[in-house]
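Protein chains in written order, with this note's numbering: chain A, 5 to 280; chain B, 665 to 1042.
By construction, the Cβ of each residue, glycine as well, lies at the ideal position given by its N, Cα and C atoms.
Encoded as structure tokens, the structure appears first; notes follow it.
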Amino acid sequence: MNGKNISGFGKLSLSLVFSFLYVPILILIAYSFNASKLVTVWGGFSKQWYTVLFNDDAVVSAFGLSLQIALLSSAMSVVLGILAGLVLARFGPFQSKSLFAGMITAPMVMPEVITGLSMLLLFVEMQQWFGFPAERGVLTIWVGHVTLCMAYVTVVIRSRLVEMDRSVEEAAMDLGARPLKIFFQITLPIIAPAIASSLLLAFTLSIDDLVITAFLSGPGSTTLPQLIFSRVRLGLNPEINALATITVLAVTVLVIGANRVMVKAELRRVRLAAAT
Amino acid sequence: MKSFETNLAYSAGAHNAKPYLQIVDVVKKFGDHTAVDHLNLSITKNEIFALLGSSGCGKSTLLRMLAGMETPTSGKIILDGEDITHLAPYERPINMMFQSYALFPHMSVAKNIAFGLKQDGLPRGEIDERVEGMLELVQMKKYAHRKPFQLSGGQQQRVALARSLAKRPKLLLLDEPLGALDKKLRQQTQLELVNLIEQVGVTCIMVTHDQEEAMTMAGRIGIMSEGQLLQVATPGEIYEHPNCRFTAEFIGETNLFGGHVIEDEPDFVRVQSTELPRPVRIGHGITGTLGMPVWLSLRPERVGVTRRQPVSHGNWAAGTVSDIAYLGGFSIFHVRLDTGKVVKASVPATRWREEAAPIWDEPVFVSWADNDAVVLTQ
């Protein structure tokens, strides 16, 4: 679209939408460089909060824990999600198939409070009966996150598998490949982009989650969102602004980078297609 | 059981050779629906056979049973003396070229062709050699390292063919082989494909709904409808001597007249039809009885259009031109008879050298020779 073709009203609504979305973030970034300890009063420019942030052991270890949990749960939920998606997309109608589909995707629509509470009750009960898990921590948070993320991964993988041309798999079988080999050599590479995007989705959901984590975490296992939430409750602090600024920066760099890679791949594809 | 044996003898007898592939009394049911209904067929070695039928006639199901993607409800499939009915697709010496080509999108052309050979665990050197040979055969050597999406439809078709031929299968299956190509390319590719198949010398069964494709490419055609084979014969036989109304109407255009036999002699019969003014004489005897209901099939190109009344006794009728479809090399005249029946006549342009072609609403006569109409008893 050409900028000259946008009417005055279009420009107005565009700027309103963008301000609605981004002004709060810009204010947040600006106040991270605030010299004053008061979040709402501008006291001049300073980078001190970044120094404070990097020397704050609680923040650093909470970040490390969040990262660890997000990596573990996205990996596990992708494995389980692929299996569940495969069953839903490939296996013919079996008894209670819709029940299975409904139960797998239930965590998506279930209020997180319910999911978190019910899992907490389960773990407490299990501890009483089997003595396992001994205490709530990384393991219980991981199980909770996998439950949530797997639902999303299943939906993504299933829809990709459904739209995939089955005759490609049949062709592989026709050429002498056994089912397991077909899965690893044909199906997985073809749905790889969907796997990558669901991996990112699961990672984002996990690193961002507060409610389920709140129910399932124990002493000594505080994730970053939990830490931020508890700090903010005690009073706003520019250190959190500094943390938020770094997050925004990281996300921006990642999005721009991913976008460039995609544009490059698309360009190469178009050029090659034009060459034939 | 007798009918089944005569059936086998008939289809094999056409080539007087011993059957290579035998489909014996095969039934395939999907729930209540019978897709393939007690079907028997024999194919000889190095034959190109086409299964022709409209969509839903069971031809694709039959092909998938040969490939092993579906298992017959009952019956047997025997290839080269071996019962393959219950072999898994990856254990059969049969390869298939899919309608959508089903190339592996993430592999190069060479890797696509090598895939089947790798499954057999052939040594690398031999795989490379065979892939090279296949690429050369389909003239795709230049494109060995391209990915499928970088190829045109015709090139993808050739890669798919090379991939299905690479393992030197005993039987090659083609599912609507040229269905994904546009018309011009299709006609050119038909003969190319036949030449390649004959060069390799592989027995081939193709499935198509395109009669032109079947007639151009196949040595024998099987007309399928509702899960059964109605007629198995060479393209010429099927066109000139259809054995039933379905075949006559399915292959090419035809004029059908319902009627009954009023005179039944060893060397000719007469058929009276309410749609024609006078009895039609057919110059050969039929196996039937006097008074039995029959249909006459008369191909449009057999019908002549004249301004003068024909001199033969019975095989003509008067009418007026109701429509003309001009197709360049020939025109189709729709002639409405006095009985109300419209007869289509395909007349070559060269017919109108001496006189001008008839125009709309002009009274004309249609006529045909003794042997032009085919009597159909079912």
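Just verifying my parser: in three-state terms, what is the DSSP assignment at Asn-710/B?
Coil, per DSSP.
Give the interface partners of Phe-713/B over in chain A, defined as CB-CB distance under 8 Å, in chain order.
Here the premise fails: no neighbours, minimum Cβ distance about 19 Å.
Taking only beta carbons into account, state which residues of the segment 148-181 of chain A come closer than 8 Å to chain B, listed in chain order.
Here the close residues are Asp-169, Ser-171, Val-172, Glu-174, Ala-175, Ala-176, Met-177, Asp-178, Leu-179, Gly-180 and Ala-181.
On the three-state DSSP scale, how would you describe Tyr-903/B?
Of the three classes helix, strand and coil, the one that applies to Tyr-903/B here is helix, per DSSP.
Once you ignore the five residues that flank Pro-736/B on each side, which residues in its own chain have a CB closer than 7 Å to its CB?
So the list reads Val-690, Val-691, Lys-692, Met-729 and Thr-749, once near-sequence residues are dropped.
Comparing alpha-carbon positions, which option in Ala-246/A, Leu-258/A and Glu-270/A lies nearest Ser-50/A?
For Ser-50/A, the nearest C-alpha among the options comes from Ala-246/A.
Assign Ser-816/B to one of two classes, buried (16 or more other C-beta atoms within 10 Å of its C-beta) or exposed (fewer than that).
Answer is exposed; the Cβ neighbour count stays below 16.
Local conformation of Tyr-674/B per DSSP, three classes:
Low local confidence applies: a pLDDT of 44 at Tyr-674/B is under 50, so the model's placement there is unreliable, with the coordinate-based value given in what follows. Of the three classes helix, strand and coil, the one that applies to Tyr-674/B here is helix, per DSSP.
Arg-94/A to Val-82/A, Cα distance in whole Å?
One Cα belongs to Arg-94/A, the other to Val-82/A, and the distance between them is close to 17 Å.
Quick check on the burial criterion: 16 or more other C-beta atoms within 10 angstroms. Buried or exposed for Gly-26/A?
Note that residue 26/A is Tyr in the sequence shown here, rather than Gly. With fewer than 16 other beta carbons inside 10 angstroms of its own, Tyr-26/A counts as exposed.
With DSSP as the reference, label Met-804/B as helix, strand or coil.
For Met-804/B, the secondary structure class from DSSP, reduced to helix, strand or coil, is coil.
Put Pro-1012/B into one of helix, strand or coil per three-state DSSP.
Of the three classes helix, strand and coil, the one that applies to Pro-1012/B here is strand, per DSSP.
Cβ pair count under 8 Å reaching 3, the segment 229-238 of chain A against the segment 186-199 of chain A:
Output reads no: the segment 186-199 of chain A does not touch the segment 229-238 of chain A.
Can we say the segment 137-145 of chain A touches the segment 215-231 of chain A, given the rule of at least three CB pairs closer than 8 Å?
Judged by Cβ distances under 8 Å, the segment 137-145 of chain A makes contact with the segment 215-231 of chain A, as three or more pairs qualify.
CB Val-933/B to CB Val-967/B, shorter than 8 Å?
The Cβ-Cβ distance between Val-933/B and Val-967/B does not fall below 8 Å.
Reduced DSSP secondary structure (H/G/I, E/B, other) of Lys-775/B
Three-state result, Lys-775/B: helix.
Using DSSP with H/G/I as helix, E/B as strand and the rest coil, what is Thr-158/A?
Three-state result, Thr-158/A: helix.
Does any C-beta atom of chain A lie closer than 8 Å to the C-beta of Gly-983/B?
Nearest CB-CB separation between Gly-983/B and chain A: not below the 8 Å threshold.
Tell me where the alpha helix (DSSP H) around Gly-89/A begins and ends.
Looking at the DSSP string, the run of the alpha helix (DSSP H) that includes Gly-89/A is 61-94.
Coil, strand or helix - Asp-178/A by DSSP:
Helix.
Presumed contact (8 Å Cβ cut-off) between Arg-962/B and Asp-1036/B, rounded CB distance
The sequence as given places Leu at residue 962/B; Arg does not occur at that position. That belief holds up - the Cβ atoms of Leu-962/B and Asp-1036/B are roughly 6 Å apart, short of 8 Å.
Quick one: Cα of Met-888/B to Cα of Glu-904/B, how far?
A straight-line Cα-Cα distance of about 18 Å links Met-888/B and Glu-904/B.
Under 8 Å between C-beta atoms of Val-1039/B and Pro-906/B:
Between Val-1039/B and Pro-906/B, the C-beta spacing is not below 8 Å.
Per DSSP, what kind of secondary structure is Phe-668/B in: helix, strand or coil?
Annotation note: pLDDT 41 at Phe-668/B (below 50); position unreliable, no value reported.
Run through chain A and tell me which residues come within less than 9 Å of Lys-723/B, C-beta to C-beta.
Among the residues of chain A, none has a CB under 9 Å from the CB of Lys-723/B; the nearest is roughly 16 Å distant.
In three-state terms, what does DSSP make of Leu-954/B?
Three-state DSSP puts Leu-954/B in coil, outside helix and strand.
What residue range is occupied by the uninterrupted alpha helix (DSSP H) comprising Trp-133/A?
Looking at the DSSP string, the run of the alpha helix (DSSP H) that includes Trp-133/A is 116-134.
Taking the alpha carbon of Arg-759/B as the point to measure from, which residue in Val-700/B, Ala-752/B and Leu-837/B has its own alpha carbon closest?
Going by the sequence as given, residue 759/B is Asn instead of Arg. Asn-759/B has its Cα closest to that of Leu-837/B, out of Val-700/B, Ala-752/B and Leu-837/B.
Return yes when the Cβ of Leu-940/B is within less than 8 Å of the Cβ of Thr-1003/B, no when it is not.
Cβ distance < 8 Å, so Thr-1003/B and Leu-940/B count as in contact.
Please report the straight-line C-alpha distance between Ala-673/B and Ile-687/B, rounded to a whole angstrom.
For Ala-673/B, the predicted structure reports a pLDDT of 41, less than 50, and the residue's modelled location is therefore unreliable. A value from the coordinates is still provided. Here the alpha carbons of Ile-687/B and Ala-673/B stand approximately 13 Å from one another.
With a cut-off of 8 Å, does the C-beta of Pro-97/A fall near any C-beta of chain B?
Put simply, the CB of Pro-97/A is far from chain B, with every gap to its CB atoms at 8 Å or more.
Going by DSSP, what residues sit across from Trp-959/B in a beta bridge?
DSSP output for Trp-959/B lists Gly-922/B and Leu-1040/B as bridge partner(s).
Give, in chain order, every residue of the segment 765-789 of chain B whose Cβ lies closer than 8 Å to some Cβ of chain A.
Answer in chain order: Ala-766, Leu-767, Phe-768, Pro-769, His-770, Phe-779, Gly-780, Gln-783 and Asp-784.
Buried/exposed call for Gln-820/B, threshold 16 Cβ in 10 Å
Its Cβ being crowded by 16 or more others within 10 Å, Gln-820/B is buried.
Is the CB of Tyr-990/B under 8 Å away from at least one CB in chain A?
Chain A, which has no Cβ nearer than 8 Å to the Cβ of Tyr-990/B, makes this no.
Would you identify the three-state DSSP class for Asn-1080/B, choosing helix, strand or coil?
Outside the modelled stretch of chain B, which goes from 665 to 1042, sits residue 1080/B, for which no answer is possible.
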